[in-house]
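To start, the structure itself, in structure tokens.
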Amino acid sequence: MDRYIISETLPPFLFGVGAFSSIGIAVGIVFELVRQITNANISFEIALQVFLLQLPYYISLSFPMAMLLGTLIAYSRLSSDSELVALRSCGVSLTRTVRPALIFGLLITLITFTFDQVVVPESLYQAELLFNRAVRSQDTILFERNTLYPEIGRLTRGEAVQDDTLVRLFYAETFNREEERMYGVIVLDRSEPSFDRLIFAESATWNPTSNVWDFFEVKSYAIAPDGSYVNIAKFDQHRYPLPRAPLELAQDRDYPQMNLAQAMARLEILKNSGREDKVRRLEIRIQQRFAIPFACIAFGLVGSALGTKPQRTSASRGFGISVLVIFGYYLLMSLGDALGLSQIIPPWLAGWLPTIIALSAGILLLVRSSQLR
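Residue 771 in this note's numbering sits at position 344 of the sequence shown; the count goes up by one each step and never skips.
If you want it as structure tokens, here you go:
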């Protein structure tokens with residue numbers, strides 16, 4: 428029975444993937460690429476490559492929507508052809524009947540999560556690089572300007588100890604992405620208990636073997652609490668034990684371009700820099716990385732519960748219902764963002780809110796449908 432119902436669900440699911448992906452592509456990619464081909468004179472070949480690289484993102488977004496459509500149409504057909512009635516007369520409960528939808532939903536959840544971690548981030552990042560190379564100057568692509576990284580932590584001054592205080596401040600005028608080298612580097616280090624250190628370097632690179640920064644053409648000033656210089660030192664090359672965080676910050680990616688490991692690393696950087704608003708936003712986004720794939724299970728439950736009603740749902744009607752449900756889901760996601768960023772609810776709940784509500788709605792619909800039979 429499980430195999431039969433899943434085989435009935437698969438064709439409308441694939442139809443949903445194609446339909447919802449096409450809508451997302453039309454709105455998110457095609458219009459912008461056509462405009463850039465016209466205004467920025469990028470070639471059709473480049474536009475096609477950008478299109479193909481962005482395609483996995485929209486396919487991934489379509490999976491939960493297609494899951495809802497697939498189960499809704501499949502179970503509606505089974506109900507209208509009295510196959511569910513036949514199963515019920517054989518002693519098969521409604522809960523057992525929707526089990527294939529949950530199994531299929533779990534499978535699509537795993538596929539969505541894997542797709543989001545392995546394929547989507549890198550394809551989006553490469554699409555942005557390719558697009559930027561086509562429409563911007565080479566200087567804009569290679570160089571990131573004004574990298575600033577404040578490190579917040581515990582500061583000791585004599586016998587006084589202060590928490591949540593600036594310990595180090597790292598600034599680089601430019602960062603060459605191709606060389607992974609920073610230029611015009613200034614570091615204020617307040618970690619020493621008796622003096623501050625101010626470092627100027629023409630350039631700096633991260634040394635992954637020793638986990639330190641290699642500074643070149645260095646001037647180092649040790650400054651006493653009264654503002655006088657304790658000593659001044661000059662080096663052609665000097666290694667300094669600063670964290671790798673400034674390099675991570677300079678290699679900035681938009682959130683959709685990061686996998687979970689990169690997002691967690693960025694979260695630690697933001698926590699050390701004391702940027703609470705960005706920390707909270709990223710915590711919510713990380714939770715959504717788990718919650719959105721699990722929406723496939725919730726939508727599978729909602730679709731199967733709605734589909735067990737006596738009237739048959741056509742593909743067009745099912746598509747319309749799916750659009751309304753998805754609209755409500757993303758509306759709840761925006762509400763969760765607002766409540767989470769306002770610190771009314773914790774980040775985990777803000778990220779999971781729409782999925783929890785969708786799952787609860789599916790259970791409620793299933794219970795009501797079971798009581799009516």
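Even for Gly, the Cβ is constructed at its ideal location relative to N, Cα and C.
This structure is a prediction, so every number in the text was calculated from the model and none was measured.
Count Cβ pairs between the stretch 524-539 and the stretch 724-735 that sit closer than 8 Å; are there 3 or more? yes
For Val706, which of Tyr667, Ile500, Ile650 and Gln770 has the nearest alpha-carbon? Gln770
If we count Cβ pairs, one from each stretch, closer than 8 Å, do we get three or more for the stretch 476-494 versus the stretch 549-556? yes
Cβ neighbour criterion (16 or more within 10 Å) applied to Glu435: buried
Run the CB neighbour count on Asp616, radius 10 Å, all protein chains shown included, and call it buried at 16 or more, exposed below. buried
The beta strand (DSSP E) that contains Val645, what's its start and end? Val639 to Ile650
Three-way DSSP call (helix, strand, coil) for Glu600 in this model: strand
Pick from Phe622, Trp640 and Val614 that is closest to Tyr667, judged by C-alpha positions: Trp640
Between the alpha carbons of Gly730 and Leu768, how many angstroms are there, rounded? 31 Å
Just verifying my parser: in three-state terms, what is the DSSP assignment at Val477? helix
Could you give the distance in angstroms between the alpha-carbon of Pro683 and the alpha-carbon of Val547? 8 Å
Does the distance from the C-beta atom of Phe602 to that of Val614 stay below 9 Å? no
Mapping the DSSP letters down to three states, classify Met685 as helix, strand or coil. coil
Can you list, in chain order, the residues of its chain whose CB lies under 7 Å from that of Gln715, leaving out five sequence neighbours each side? Gly778
Rounded to the nearest angstrom, how far is the Cβ of Gly580 from that of Val594, given a contact under 8 Å? 5 Å
Which of helix, strand or coil does DSSP assign to Glu607? coil
Between Ile772 and Leu780, is the Cβ-Cβ spacing less than 9 Å? yes
Would you call the stretch 680-697 and the stretch 636-652 touching, i.e. three or more CB-CB distances under 8 Å? no
Pull up the DSSP beta-bridge partners for Arg666, would you. Asp641
Among the candidates Ser749, Leu669, Ile748 and Ile433, whose CA atom is the shortest distance from the CA of Leu529? Ile433
What's the C-alpha gap between Ser787 and Leu669? 48 Å
For Asp590, which residues from the same chain have a beta carbon less than 7 Å from its beta carbon, with the 5 sequence-adjacent residues on both sides left out? Arg581
Is DSSP giving Ser449 helix, strand or coil here? helix
Buried or exposed: where does Thr782 fall if 16 or more other Cβ atoms within 10 Å of its Cβ makes it buried? buried
Determine the direct distance from the alpha carbon of Met760 to that of Asp566, and round the result to whole angstroms. Low local confidence applies: a pLDDT of 45 at Asp566 is under 50, so the model's placement there is unreliable, with the coordinate-based value given in what follows. So the alpha carbons of these two residues sit roughly 38 Å apart.
Count the other C-beta atoms from every protein chain shown that fall within 10 angstroms of the C-beta of Met691, then say buried if there are 16 or more, exposed otherwise. exposed
As a quick exercise: from Ile450, Trp775 and Gly755, pick the residue whose alpha carbon is nearest that of Ala785. Gly755
Burial state of Val444, where buried means 16 or more other Cβ atoms lie within 10 Å: buried
Rank Ala628, Thr632, Lys646 and Thr583 by C-alpha distance to the C-alpha of Pro620 and give the top, closest one. Thr583
Compare the C-alpha of Gln476 against each of Ala688, Thr636, Ala561 and Lys646 and name the closest. Ala561
Can you tell me whether DSSP reads Phe627 as helix, strand or coil? strand
Rounded straight-line distance, which links the Cα of Ile713 to that of Ile719: 10 Å
Out of Val457, Leu687, Tyr485 and Ile626, which has the shortest C-alpha to C-alpha gap to Phe662? Ile626
Taking DSSP's pairing of strands, which residues face Ala660 in a bridge? Ser647
Residues of its chain near Ile753, where Cβ-Cβ distance is below 6 Å and the 5 sequence neighbours each way are ignored: Met492
Enclosing alpha helix (DSSP H) for Tyr714 [first to last residue]: Going by the sequence as given, residue 714 is Gln instead of Tyr. That run of the alpha helix (DSSP H) goes Glu703 to Gly734.
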